[in-house]
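Just below is one structure, and these are the notes that go with it.
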Amino acid sequence: MSFYRLIDHTADLGIEVSGDTPEEVMARAAEALFDLLAERDGIRDAESRAIRVEGEDPADLLVNFLRECLYLYTGEGFLIRTARVRMGEKTTLEAELRGEPYDPGRHRIRMEIKAVTWHGASLEETLEGRERWKGRVIFDV
Amino acid sequence: MSDIPLTQIDEFRWKIEPTGGMRVPGIIYSSRALMKTADEGVRQVANVAHLPGIVKASLAMPDMHWGYGFPIGGVAAFDLDEGVVSPGGVGYDINCGCRLVATRLSFPEIRESLKDLVAALFRNIPSGVGSTGVLKLSEKEQRHVLVEGARWAVGRGYGTESDLETTEDGGCLAGADPEKVSPRALERGRPQLGTLGSGNHFLEIEVVEDIFDPEAARAFGLERGQVTVMIHSGSRGLGYQVCDDFLARLVKHVRTLDLNLPDRQLACAYLHSPQGKDYLAAMACAANYAWANRQMLMHWTRETFERTLKKGPRELGMRLLYDVCHNIAKIETLPVEGRERTLCVHRKGATRAYPPGHPALPDRYRAVGQPVLIPGDMGTGSYVLAGTERAMAETFGSSCHGAGRVMSRTQAVKSSRGRAVARELAERGILVMASGKETLREEIPEAYKDLDAVVDVVHRAGLARKVARLRAVGCIKG
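Quick note, the sequences are listed as chains A and B, same order.
Per numbering that gives the first Met the number 0, residue 0 is the first one in the first sequence, and the count goes up by one each step.
Per numbering that gives the first Met the number 0, residue 0 is the first one in the second sequence, and the count goes up by one each step.
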């Protein structure tokens, strides 16, 4: 739980993540999403999936990236253990997501996350020393 | 509490005067006590007032709480020529709603079998996170579901024709076009038809505890001690994906409109634009899927009652009292300042509440008004209300939808640490079975506003009148 902070939203659930770079924030946000969704310790990094995402600005890119990560589970039954992100030109990114297909016998799903929302989403550089990049996003649960 | 200035108009209404980019005022129906839990919802009522073509006011019901984009409990209507439709004003769970099934049974007749009934319902009705159904739906068959809604289910033997008469809009929203639904949404929806879901969705056996309006109760076929079943579910992954797909499209689209919205989640499209029309066509598909879903869940409930109690359908008399949706945008004709207008009404966590005499109501309810179903949280039971002229005149024929959360899910889980929630409920005479361990703790009764207080405001403000209160005795949750 240490790599992200929960934002308490009355109906829903949000996360706040920090990192030295925007890439690190993105990767940690994906890992946090799956930490909320499933018991992440039980997910092995047996396989990988590659995705490419675009956004209009950094916050939009963060939301779009997490939407794709969530779809890997809701649409394809793939659980993410770790994420590696490389930002491209303008607001695009490529990510390598390691994990494994959901197996009801071995994995426990902790909660249903319906969607990643744009409400209050942000990704920005702050003035504080280490881990200057901060990202925030709210999930509809 | 937000810093937005509020003026109290009367005992149950608070007004936000239009400032900045607000095109109309905001009006919140509430009480002094409930306003204390109003949180960020107030700001969101003001935000919705920024949308183009909004008519009269941005409204909130007394169960209002902080959503994303629109507040939960929000109602807003838009002019068809100048106004917009916003997927965030409907929500991810398109046509989340509930239906109430009345029976001929009285509580003493099921008391001995209650445990078996709850266990059998839990077995027969797929529930839980990502649960999949027993149905193998082909792509072609799914198109029929999306276009026909509850009628598809009835045609396939899940219930009877008369169920459709007591479903809002006959369980089928016009204008559904499966071509507008993405392959992702279709794929997610296929295995999930006929499942309850998780979170706040539930199926509850409830007993009529109080009757407030004997005439309306008679018309609805309710009497003290009677056993009923409340089913609360929606459009599952298909609806979430439709909302997600269109929000992403409209977040981009809205930049071309120069609207300067205070929240991205308010992304929208003009109702007359191709983008707006596409969303409404896809949303109608999700709404129809949800109606088919609730119709199937009800059918299995009937079967389970028959088998467990060893009684025939006639003896049980399980009749659909009514089905309402509380996350939807619909084109409706409503009176606005003395003139009939056709508008796009968004109800996000709000229920349609049509008055006596309205042509949309089935004959047997026409004299008393539309049944308005207000499910409480787990274990508190529900209310049945009836629609009023006042709601038609003031709130685009809308009322509240439930209790509304006051505690976040994490707070609820924290505050219930070490408690055996199922046992606590059992001690109060409510048998609960849930698939998820954390669901019970997230949904503890303290996490919600007091249902009695919410309904009291609705009743006294005249947005619907109290007909009956139902007490929960058995509940299955995802």
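No residue lacks a Cβ here, since even glycine has one placed at the ideal position from N, Cα and C.
These figures come from a predicted structure and were not determined experimentally.
Does A/K133 come out as helix, strand or coil in the three-state DSSP assignment? If DSSP states are grouped into helix, strand and coil, A/K133 belongs with the strands.
Are the C-beta atoms of B/K251 and some chain A residue less than 8 Å apart? The beta-carbon of B/K251 is placed less than 8 Å from the nearest beta-carbon of chain A.
What is the DSSP secondary structure of A/T73, counted as helix, strand or coil? Helix at A/T73.
Which whole-angstrom value describes the C-beta separation of B/L192 and B/L136, a residue pair presumed to lie in contact below a C-beta threshold of 8 Å? That pair is a contact at about 6 Å.
Taking B/G148 as the reference, which of B/N292, B/P261, B/V23, B/K276 has the closest Cα? The residue with the shortest Cα to Cα distance from B/G148 is B/N292.
Three-state class that DSSP yields for B/Q225 in the structure shown: The answer is strand: DSSP assigns B/Q225 an E or B state.
Please report whether the beta-carbon of B/S197 lies at a distance below 8 Å from any beta-carbon of chain A. By this cut-off, B/S197 is an interface position.
Kindly list the residues whose CB is nearer than 7 Å to the CB of A/M0, restricted to its own chain and excluding five residues on each side of it in sequence; keep chain order. Residue confidence for A/M0 is low, a pLDDT of 45 falling below 50, so the modelled location carries little weight; the figure read from the coordinates is stated next. Only residues of its own chain outside the window of five on either side were considered, and among them none has a CB closer than 7 Å to the CB of A/M0.
Do A/R131 and A/E15 have their beta-carbon atoms positioned less than 8 Å apart in this structure? No, these two residues do not count as a Cβ contact at 8 Å.
DSSP on B/R404, reduced to helix/strand/coil? B/R404 falls in the strand class under three-state DSSP.
Just to check my reading of the structure: B/D62 and B/V453 have Cβ atoms closer than 8 Å, yes? What is that Cβ distance to the nearest angstrom? 5 Å between Cβ atoms; contact.
Run through DSSP, which three-state label would B/I491 get? What the structure shows of chain B is the stretch from 0 to 477, and residue 491 of chain B is not part of that stretch, so it cannot be assessed.
Per the contact definition of three or more C-beta pairs closer than 8 Å, is the region 50-68 of chain B in contact with the region 225-243 of chain B? Not touching, per the Cβ criterion.
By Cβ distance below 8 Å, which residues in the same chain neighbour B/T438 in space, the five residues on each side in sequence not counted? Within the same chain, B/T438 has close Cβ partners S197, G198, K476, G477.
At least one CB of chain A closer than 8 Å to the CB of B/C242: is that the case? It does; some Cβ of chain A falls within 8 Å.
Check whether the Cβ atoms of B/T131 and B/D322 lie closer than 8 Å to each other. No, Cβ-Cβ distance for B/T131 and B/D322 is not below 8 Å.
Quick one: any contact between the region 30-49 of chain B and the region 293-309 of chain B, if contact means 3 or more CB pairs under 8 Å? The region 30-49 of chain B, when compared against the region 293-309 of chain B, does not touch it at the 8 Å Cβ threshold.
How should B/S232 be labelled, buried or exposed, when 16 other C-beta atoms within 10 angstroms of its C-beta is the threshold for buried? Burial state of B/S232 is buried, judged by a 10 Å Cβ sphere holding 16 or more other Cβ atoms.
Going residue by residue through the region 333-383 of chain B, where are the continuous alpha helix (DSSP H) segments of at least 4 residues, counting only ones entirely within it? Runs found: none.
Taking Cβ-Cβ distances below 8 Å as the criterion, which residues of the region 248-282 of chain B are in contact with chain A? Listed in chain order, the positions of the region 248-282 of chain B with a beta carbon within less than 8 Å of a beta carbon of chain A are V250, K251, R254, D262, R263, Q264, A266.
With DSSP as the reference, identify every bridge partner of B/H64, one or two as the case may be. DSSP lists B/I71 as partners of B/H64.
Per DSSP, what kind of secondary structure is B/P261 in: helix, strand or coil? Note: B/P261 maps to coil in three-state DSSP.
Can you list, in chain order, the residues of its chain with a C-beta nearer than 6 Å to that of B/T379? Leave out the 5 residues immediately preceding and following it. The answer, listed in chain order, is P444, L450.
So with CB distances below 8 Å, who are the chain B contacts of A/Y3? Chain order gives no chain B residues near A/Y3, where near means a beta carbon separation below 8 Å; the closest approach is about 13 Å.
Within the 8 Å Cβ cut-off, does A/G87 reach chain B? Nearest CB-CB separation between A/G87 and chain B: not below the 8 Å threshold.
In chain A, which residues lie with their C-beta within 9 Å of the C-beta of B/T131? Residues of chain A passing the Cβ test: none, with the nearest at roughly 10 Å.
Over what stretch of residues does the beta strand (DSSP E) that includes B/A37 continue unbroken? B/A37 -> no beta strand (DSSP E), and no H or E assigned at all.
B/N326 (DSSP reduced to helix, strand or coil): B/N326 falls in the strand class under three-state DSSP.
Which bits of chain A does B/R478 rub up against, with CB to CB less than 8 Å? Nothing in the structure corresponds to residue 478 of chain B, since chain B is present only between 0 and 477.
Identify which residue in B/Y91, B/G158, B/L79 has its Cα closest to the Cα of B/I71. Looking at B/Y91, B/G158, B/L79, the one whose alpha-carbon comes closest to that of B/I71 is B/Y91.
Any C-beta of chain B under 8 Å from that of A/L78: No, no contact with chain B.
Give me whichever residues DSSP pairs with B/Q274 in a beta bridge. DSSP, once it has assigned bridges, lists no residue as partnering B/Q274.
Any idea which residues DSSP pairs B/I15 with across the strands? The partner list for B/I15 (beta bridge, DSSP) reads B/G25.
Counting only Cβ pairs nearer than 9 Å, list the residues of chain B close to A/H106. Counting only Cβ-Cβ distances below 9 Å, A/H106 has no contacts in chain B at all, with the closest Cβ about 11 Å away.
Nearest neighbour of B/F219, chosen from B/K465, B/G156, B/A76 [CA to CA]: For B/F219, the closest alpha carbon among the candidates B/K465, B/G156, B/A76 is that of B/K465.
Any chance you could list the beta strand (DSSP E) runs of at least 3 consecutive residues sitting entirely within the region 149-232 of chain B, in chain order? The qualifying runs are 201-210, 225-232.
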